[in-house]
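When you read off a place in the sequence shown, starting at 1, and then add 18, the result is the number in our numbering.
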Amino acid sequence: MPLEGPARIVSELTSHGYNAEREAVTRIASADDSQAVLERVIESLSEEALVVTTDHVESALEAEVPSESSSDRSVEASDTAGRSVASDPPDDPSVSTGDPSPHSKHGGRSAPVETGGSPPTADRSVDPDLRSLEISNDMTGGSTGTGEYSDFVSVFRDRLDRLGSKLRSRVNHRPATAIESMPGGEEVAMVGLVNDIRSTASGHWLIELEDATGSFPWLVMKDREYVDLVDELLCDEVLAMEGTLADDSGIAFVDSMQFPDIPRTHEPSTADRHVQAALISDVHVGSQEFMAGAWNRFADWLHTEAGERVEYLLLAGDMVEGVGVYPDQDEELDIVDIYEQYETFNERLKQVPGDIEIVMIPGNHDAVRLAEPQPGFDEELREIMSAHDPRIVSNPSTVTIEGVSVLMYHGVSLDEVIAELPEEKASYDEPHRAMYQLLKKRHVAPQFGGHTRLAPEERDYLVIDEVPDIFHTGHVHKLGFGKYHNVLAINSGCWQAQTDFQKSVNIDPDAGFAPIVDLDTLDVTVQKFS
Ligand code: D5M
Ligand code: FE
Ligand code: ZN
Numbered sequence: 019m020p021l022e023g024p025a026r027i028v029s030e031l032t033s034h035g036y037n038a039e040r041e042a043v044t045r046i047a048s049a050d051d052s053q054a055v056l057e058r059v060i061e062s063l064s065e066e067a068l069v070v071t072t073d074h075v076e077s078a079l080e081a082e083v084p085s086e087s088s089s090d091r092s093v094e095a096s097d098t099a100g101r102s103v104a105s106d107p108p109d110d111p112s113v114s115t116g117d118p119s120p121h122s123k124h125g126g127r128s129a130p131v132e133t134g135g136s137p138p139t140a141d142r143s144v145d146p147d148l149r150s151l152e153i154s155n156d157m158t159g160g161s162t163g164t165g166e167y168s169d170f171v172s173v174f175r176d177r178l179d180r181l182g183s184k185l186r187s188r189v190n191h192r193p194a195t196a197i198e199s200m201p202g203g204e205e206v207a208m209v210g211l212v213n214d215i216r217s218t219a220s221g222h223w224l225i226e227l228e229d230a231t232g233s234f235p236w237l238v239m240k241d242r243e244y245v246d247l248v249d250e251l252l253c254d255e256v257l258a259m260e261g262t263l264a265d266d267s268g269i270a271f272v273d274s275m276q277f278p279d280i281p282r283t284h285e286p287s288t289a290d291r292h293v294q295a296a297l298i299s300d301v302h303v304g305s306q307e308f309m310a311g312a313w314n315r316f317a318d319w320l321h322t323e324a325g326e327r328v329e330y331l332l333l334a335g336d337m338v339e340g341v342g343v344y345p346d347q348d349e350e351l352d353i354v355d356i357y358e359q360y361e362t363f364n365e366r367l368k369q370v371p372g373d374i375e376i377v378m379i380p381g382n383h384d385a386v387r388l389a390e391p392q393p394g395f396d397e398e399l400r401e402i403m404s405a406h407d408p409r410i411v412s413n414p415s416t417v418t419i420e421g422v423s424v425l426m427y428h429g430v431s432l433d434e435v436i437a438e439l440p441e442e443k444a445s446y447d448e449p450h451r452a453m454y455q456l457l458k459k460r461h462v463a464p465q466f467g468g469h470t471r472l473a474p475e476e477r478d479y480l481v482i483d484e485v486p487d488i489f490h491t492g493h494v495h496k497l498g499f500g501k502y503h504n505v506l507a508i509n510s511g512c513w514q515a516q517t518d519f520q521k522s523v524n525i526d527p528d529a530g531f532a533p534i535v536d537l538d539t540l541d542v543t544v545q546k547f548s
């Protein structure tokens with residue numbers, strides 16, 4: 019690159035009416051083919067853009083990256099429910115399995131489309147009047163907790179009441195204190211919160227269950243069939259135990275365990291017409307690893323005929339990378355100001371066709387309280403993200419679209435479930451299996467005190483009261499989906515390439531995928547944009 023390069027770039031940008039960040043100019047100047055990158059940057063700028071930022075340059079550079087080898091492109095999602103998985107080659111964002119004759123209206127990968135607030139809906143023949151969208155269990159503005167000890171008592175009491183009611187009709191239960199005074203040898207049952215799980219010197223398991231009256235120890239013998247379930251148990255989950263009292267009535271031997279669970283007979287609701295929802299999460303705008311090129315291709319694809327059926331976009335948290343979330347995170351930030359991160363995220367949302375309904379919840383990187391439930395963003399951030407008029411609700415929340423209920427939860431507890439349970443029951447490679455555990459426990463974050471921070475509230479908003487048709491999470495940056503008792507569980511990957519931390523702990527993220535759900539059948543196709 020000749021020395022006069024940066025000056026020439028600045029002058030060319032000025033002649034087009036743009037100012038530029040110094041760093042942006044340096045990046046263009048140091049690209050292999052700086053003229054081509056410069057042209058792409060100019061082409062991709064929206065009319066309102068005044069300043070060329072490093073983000074614009076990143077997008078142009080990403081669009082230039084040669085496509086990966088075909089073996090790298092295979093979709094790693096495990097498809098346990100036997101649905102089709104479409105892998106979109108990066109150089110043709112319009113190809114999809116569902117539509118035999120798709121075509122791109124935006125000229126393919128080289129021209130990321132900035133629709134600048136008035137996206138062209140003319141190329142999508144949709145009828146917004148056919149839509150229905152309802153939110154339930156949004157606790158934004160409804161926080162009652164003051165952080166007092168009594169709030170913790172209320173939240174656990176509410177958990178036990180509501181999850182216990184799903185179990186009390188199934189067993190002939192007694193309060194902990196009443197069990198102590200029953201004669202030895204009697205059959206007993208109890209509904210309670212798991213207070214402690216310990217192995218005994220002889221290899222049996224001692225589980226302490228607690229209810230409103232006190233606690234009682236239950237012994238799972240190592241040779242009983244129920245011993246296989248012990249490794250699934252998490253502290254603070256609610257379950258029922260049935261068994262036989264020891265002679266001195268000081269302990270009971272477990273004969274069976276029951277979880278609140280999803281009834282096997284659950285029949286999901288479906289939409290009356292062929293309409294789709296894209297379920298994504300973990301965009302991480304502001305991170306140096308945010309995959310602008312993949313995002314641009316995704317947004318482009320939504321404008322094509324192949325993406326036309328997508329009328330809903332559900333975002334399960336981590337919109338931005340945030341600031342100070344993890345140690346040394348600042349070294350990997352592209353945008354250091356949190357408000358600027360949301361402003362840039364807002365620009366990203368503008369790329370999405372204007373007719374698409376967007377619903378979003380916060381995650382652990384977002385600028386809301388970390389403790390769950392997390393209320394939806396405050397007024398200032400809503401204002402910043404308002405261009406596309408998204409519905410902003412709490413984490414977790416349930417959104418019902420055209421009759422299909424989707425429980426959205428960011429997923430911080432998945433780290434915990436994966437850490438505590440054996441590999442075959444929950445792993446990063448099959449995140450949907452960890453989600454099955456949450457469905458079985460009917461609680462999105464059963465264990466208190468580890469990764470998962472719980473806000474003390476009068477009500478436990480994390481209980482899964484109603485059976486959802488779809489359970490949507492993110493956070494672990496892995497794509498996986500499958501069905502548990504007819505509930506479709508989807509963990510939706512991310513839009514952030516591997517970070518240094520993830521590299522150090524061998525997390526290999528599934529980045530740049532969009533799982534698309536047919537709301538009339540609950541079938542899933544995965545579109546790949548990376
Ligand atoms: O987290 C993405 C995934 O990576 C999730 O499984 C947690 C894990 N992660 C990422 N960074 C860290 C650090 N620094 N400590 C512990 N675990 C981490 P996300 O929160 O979306 O970045
Ligand atoms: Fe994330
Ligand atoms: Zn997260």
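Note that the Cβ used here is the ideal one computed from N, Cα and C, for glycine as well.
If you draw a straight line from the C-alpha of residue i to the C-alpha of residue j, how long is it?
| i | j | result |
| --- | --- | --- |
| Asp478 | Ser183 | 14 Å |
| Gln392 | Pro380 | 7 Å |
| Asp355 | Ala207 | 55 Å |
| Asp246 | Lys496 | 27 Å |
| Ser217 | Glu226 | 12 Å |
| Ser445 | Ser431 | 13 Å |
| Ala296 | Glu420 | 14 Å |
| Ile534 | Arg45 | 35 Å |
| Arg192 | Met200 | 10 Å |
| Cys512 | Ala385 | 18 Å |
| Asp50 | Ala317 | 27 Å |
| Pro464 | Val256 | 8 Å |
| Ile269 | Gly232 | 14 Å |
| Arg91 | Gly498 | Confidence in Arg91 is poor, its pLDDT being 33 and thus under 50, which makes the residue's placement unreliable; the coordinate value appears in the next sentence. For Arg91 and Gly498, the distance between alpha carbons rounds to 16 Å. |
| Val341 | Glu80 | 24 Å |
| Asn504 | Glu285 | 7 Å |
| Glu476 | Leu333 | 27 Å |
| Gly304 | Lys240 | 51 Å |
| Leu388 | Arg366 | 24 Å |
Am I right that residue i and residue j are in contact with their C-beta atoms under 8 Å? What's the rounded C-beta distance?
| i | j | result |
| --- | --- | --- |
| His406 | Gly492 | So it is not a contact: roughly 19 Å between Cβ atoms. |
| Asp433 | Val494 | 7 Å |
| Ala258 | Val189 | 5 Å |
| Val238 | His222 | 6 Å |
| Ile374 | Leu320 | 7 Å |
| His292 | Asp538 | 5 Å |
| Lys546 | Phe531 | 5 Å |
| Ala230 | Leu178 | 7 Å |
| Leu506 | Leu540 | 5 Å |
With distance defined between alpha-carbon atoms, name the residue in the options nearest to residue i.
| i | options | result |
| --- | --- | --- |
| Ser52 | Val69, Glu30, Tyr167 and Leu251 | Glu30 |
| Ile436 | Val422, Arg460, Val411 and His469 | His469 |
| Glu390 | Leu263, Arg471, Ala296 and Ile27 | Arg471 |
| Ser267 | Thr195, Ser305, Tyr330 and Asp528 | Thr195 |
| Ile508 | Val462, Lys368, Pro449 and Leu367 | Pro449 |
| Met378 | Phe395, Glu365, Arg366 and Gly372 | Phe395 |
| Val601 | Val462, Phe466 and Phe499 | Here the chain has residues from 19 to 548 only, and residue 601 is not among them. |
| Gly325 | Phe466, Glu285 and Arg142 | Arg142 |
| Ser510 | Val144, Leu388 and Val542 | Val542 |
| Met275 | His284, Pro286 and Val248 | Val248 |
| Thr158 | Ser404, Glu166, Thr416 and Val544 | Thr416 |
| Glu438 | Phe466, Leu425, Thr418 and Arg460 | Phe466 |
Would residue i and residue j qualify as a contact pair, given that the criterion is a beta-carbon distance under 8 Å?
| i | j | result |
| --- | --- | --- |
| Ile280 | Tyr502 | yes |
| Ile215 | Leu251 | yes |
| Val411 | Ile153 | yes |
| Trp553 | Val272 | Missing from the structure shown is residue 553; the chain here goes from 19 to 548 and no further. |
| Ala310 | Glu57 | no |
| Gly261 | Pro474 | no |
| Thr362 | Asp176 | no |
| Gln516 | Asp526 | yes |
| Leu351 | Gln294 | no |
| Ser423 | Asp487 | yes |
| Phe277 | Gln514 | no |
| Asp336 | His302 | yes |
| Asn155 | Pro408 | no |
| Met426 | His490 | yes |
| Ile402 | Tyr357 | yes |
| Gly202 | Ala264 | yes |
| Val55 | Ala78 | yes |
| Gln359 | Glu329 | no |
| Ala47 | Val70 | no |
Consider the C-beta atom of residue i and the heavy atoms of the ligand NAP; say whether any pair is separated by less than 7 Å.
| i | result |
| --- | --- |
| Asp336 | Annotation note on the ligand NAP: not contained in the displayed structure, which lists the ligand D5M, the ligand FE and the ligand ZN as its ligands. |
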